[in-house]
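A.B. asks: First the structure, which I've put down as structure tokens, then a few questions once you've had a look.
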Amino acid sequence: MPYYFNLPLITELTIDQQRAVDETSPLALAGGPGTGKSVVCLWRHIRNHSTGLSNSLLLTYTKTLEHYLRASARSQDEDAAENIDRVFWWLTHNATNYDEIIIDEGQDIEKAKFQRFFNYTSKLSYGADERQSMYLSNESLTELINWFSIDNRFNVNEEITLNRNFRNSREILEFTRSVFPNFLIPQNTIIGARQTGLKPIMKVNLGWGADNQIDDIISIIDDFNSDTHNIAILVPFAAQVETFYSLIKENLDTDIEISKYQNENEDFEGLSGVHVTTFKSSKGTEFDTVIIPEFDSYSWNIANRPNVVTENDYYVAFTRAKTNLFLLCRNGFPNIGNRQTITIE
Numbered sequence: 001m002p003y004y005f006n007l008p009l010i011t012e013l014t015i016d017q018q019r020a021v022d023e024t025s026p027l028a029l030a031g032g033p034g035t036g037k038s039v040v041c042l043w044r045h046i047r048n049h050s051t052g053l054s055n056s057l058l059l060t061y062t063k064t065l066e067h068y069l070r071a072s073a074r075s076q077d078e079d080a081a082e083n084i085d086r087v088f089w090w091l092t093h094n095a096t097n098y099d100e101i102i103i104d105e106g107q108d109i110e111k112a113k114f115q116r117f118f119n120y121t122s123k124l125s126y127g128a129d130e131r132q133s134m135y136l137s138n139e140s141l142t143e144l145i146n147w148f149s150i151d152n153r154f155n156v157n158e159e160i161t162l163n164r165n166f167r168n169s170r171e172i173l174e175f176t177r178s179v180f181p182n183f184l185i186p187q188n189t190i191i192g193a194r195q196t197g198l199k200p201i202m203k204v205n206l207g208w209g210a211d212n213q214i215d216d217i218i219s220i221i222d223d224f225n226s227d228t229h230n231i232a233i234l235v236p237f238a239a240q241v242e243t244f245y246s247l248i249k250e251n252l253d254t255d256i257e258i259s260k261y262q263n264e265n266e267d268f269e270g271l272s273g274v275h276v277t278t279f280k281s282s283k284g285t286e287f288d289t290v291i292i293p294e295f296d297s298y299s300w301n302i303a304n305r306p307n308v309v310t311e312n313d314y315y316v317a318f319t320r321a322k323t324n325l326f327l328l329c330r331n332g333f334p335n336i337g338n339r340q341t342i343t344i345e
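Following this line, the structure appears as structure tokens:
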């Protein structure tokens, strides 16, 4: 089964989201995970093309999100879908002038590259959330955020902040805040999130080796698999994508489609309803169910592989989940997060 794309109707957007779509000035759009930044950027882009108001370009960072946005746009306007690209690919292969360039996930583009977009448009809109930055060093991120504030070319950008979380359940947000107490997740955001009664589930003592977790992963997929239920297996490293994809595909019912992506997969053709990818490549997407294998390595990965995995990576991974979050541990409880916010099995 393919990935189930569900773009909200434009009439379903909140007042703030609709204001951002309709704003005639370029945007400086902010907001945490699940607040609809990508939805706003996409609907603004679709409206530009469907009405003939503006010839706009929508750019994003990852190949996965590019596919996600293209497929969503195609249901509304083919021309809008054809004018969606990846930041660095576009700069090196397709750069040309546009009435407006809209940058989604702008927090991962260093200043030197970001300012090049002004060579191709006088109307540069962007969405950004510094807590979801996964590719820039702290110094480069600080430089970028400061530049947004001091460069006079951004003076015309209308600043709009989205606050309501439409993606994550209250239970997932409560667990996420317990793991990252220094990350701002406002209490009003948590209170306003939908309650499901389903705390994140941490499965412990599964045994060492990827193959020891496969039975649980297959069982979870079988429990939730449907035409409208999207499932992701998220891992920190590219090599793990290949390992888990192979093991899952080998044991999964042949009627269930599965896809994979990591940054060396040049032949990526699209998402399936079951998808294996890295934390970084999952950015901007969402899934009904998220499974994170080898979660017991959380502290070790952050301490020993800081150039590859950071707290921001895990924060992004947690917040891809809409309803179900499964954390698989090879040994006992890793003492991460508040026990009251999870179910331990």
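Using UniProt numbering, you'd call the opening residue of the sequence shown number 1 and step up by one each time.
A virtual CB, placed ideally from N, CA and C, is assigned to each residue, including glycine.
Flag this pair as touching only if the stretch 260 to 275 and the stretch 37 to 49 have three or more C-beta atom pairs under 8 Å; answer yes or no.
C.D. replies: No, because fewer than three Cβ pairs between the stretch 260 to 275 and the stretch 37 to 49 fall closer than 8 Å, the two stretches do not touch.
A.B. asks: Since I believe residue 102 is in contact with residue 125 (beta carbons under 8 Å), could you give me their beta-carbon distance rounded to a whole number of angstroms?
C.D. replies: With 8 Å as the limit, residue 125 and residue 102 qualify as a contact, their Cβ atoms being about 5 Å apart.
A.B. asks: Would a C-beta distance cut-off of 8 Å place residue 309 and residue 232 closer than the cut-off?
C.D. replies: For residue 309 and residue 232, no; Cβs fall outside 8 Å.
A.B. asks: Leaving out the 5 sequence neighbours to the left and right, which residues in its chain are closer than 7 Å to residue 90 when beta-carbon positions are compared?
C.D. replies: Closer than 7 Å at the Cβ level, and outside the excluded window around residue 90, lie 59.
A.B. asks: Under DSSP, the beta strand (DSSP E) around residue 352 begins and ends at which residues?
C.D. replies: No answer is possible for residue 352: it lies beyond the span of the chain, which begins at 1 and ends at 345.
A.B. asks: Three-state secondary structure (DSSP) at residue 235?
C.D. replies: If DSSP states are grouped into helix, strand and coil, residue 235 belongs with the strands.
A.B. asks: List in chain order: all unbroken alpha helix (DSSP H) runs of 4+ residues lying wholly within the stretch 176 to 217.
C.D. replies: You should have 187 to 192.
A.B. asks: Is the Cβ-Cβ distance between residue 183 and residue 337 less than 8 Å?
C.D. replies: No.
A.B. asks: Using a Cβ distance threshold of 8 Å, determine whether the stretch 239 to 251 contacts the stretch 312 to 324, with at least three qualifying pairs required.
C.D. replies: No: fewer than three Cβ pairs fall under 8 Å.
A.B. asks: Would residue 328 pass as a contact of residue 206 if the rule is Cβ separation under 8 Å?
C.D. replies: Yes, the pair counts as a contact, with Cβ atoms nearer than the cut-off.
A.B. asks: Quick check: the Cα distance between residue 13 and residue 160, rounded to an integer number of angstroms?
C.D. replies: If you take the alpha carbons of residue 13 and residue 160, they lie about 14 Å apart.
A.B. asks: Compute the beta-carbon to beta-carbon distance between residue 34 and residue 319, rounded to the nearest angstrom, for a pair I have assumed lies under 8 Å.
C.D. replies: So it is a contact: roughly 6 Å between Cβ atoms.
A.B. asks: Closest by CA to residue 204, which one among 21, 280, 294, 145?
C.D. replies: Answer by Cα proximity: 294.
A.B. asks: Do you know offhand how far residue 278's Cα is from residue 180's?
C.D. replies: Cα to Cα, residue 278 sits roughly 20 Å from residue 180.
A.B. asks: When the Cα atoms are used, what is the spatial distance from residue 36 to residue 5?
C.D. replies: Their backbone Cα atoms lie some 15 Å apart in a straight line.
A.B. asks: Can you tell me whether residue 82 is buried or exposed, with buried defined as 16 or more other CB within 10 angstroms of its CB?
C.D. replies: Flag for residue 82 reads exposed.
A.B. asks: Straight-line CA distance for residue 237 to residue 261?
C.D. replies: The straight-line gap from Cα to Cα measures roughly 11 Å.
A.B. asks: Which same chain residues end up closer than 7 Å to residue 211 when comparing Cβ atoms and leaving out the 5 residues on each side of it in sequence?
C.D. replies: Closer than 7 Å at Cβ, skipping near neighbours: 247.
A.B. asks: May I ask which residues mark the beginning and end of the beta strand (DSSP E) holding residue 289?
C.D. replies: Looking at the DSSP string, the run of the beta strand (DSSP E) that includes residue 289 is 287 to 292.
A.B. asks: Work out the CA separation of residue 330 and residue 215 for me, nearest whole Å.
C.D. replies: Cα to Cα, the separation comes out at about 13 Å.
A.B. asks: Let me know if residue 209 comes out buried or exposed under the rule of 16 or more other beta-carbons within 10 Å of its beta-carbon.
C.D. replies: Exposed, because fewer than 16 other Cβ atoms sit within 10 Å of the Cβ of residue 209.
A.B. asks: Rank 222, 234, 142 by C-alpha distance to the C-alpha of residue 348 and give the top, closest one.
C.D. replies: Since the first residue shown for the chain is 1 and the last is 345, residue 348 is missing from the structure and cannot be characterised.
A.B. asks: Confirm, please, whether the CB-CB distance from residue 303 to residue 168 is below 8 Å.
C.D. replies: No, they are not a contact pair.
A.B. asks: Say the cut is 7 Å; is the CB of residue 343 nearer than that to a heavy atom of the ligand HEM?
C.D. replies: Because no ligand of any kind appears in the structure shown, any question about the ligand HEM cannot be addressed here.
A.B. asks: Just how far apart, CA to CA, sit residue 130 and residue 23?
C.D. replies: Spanning the two alpha carbons is a distance of roughly 23 Å.
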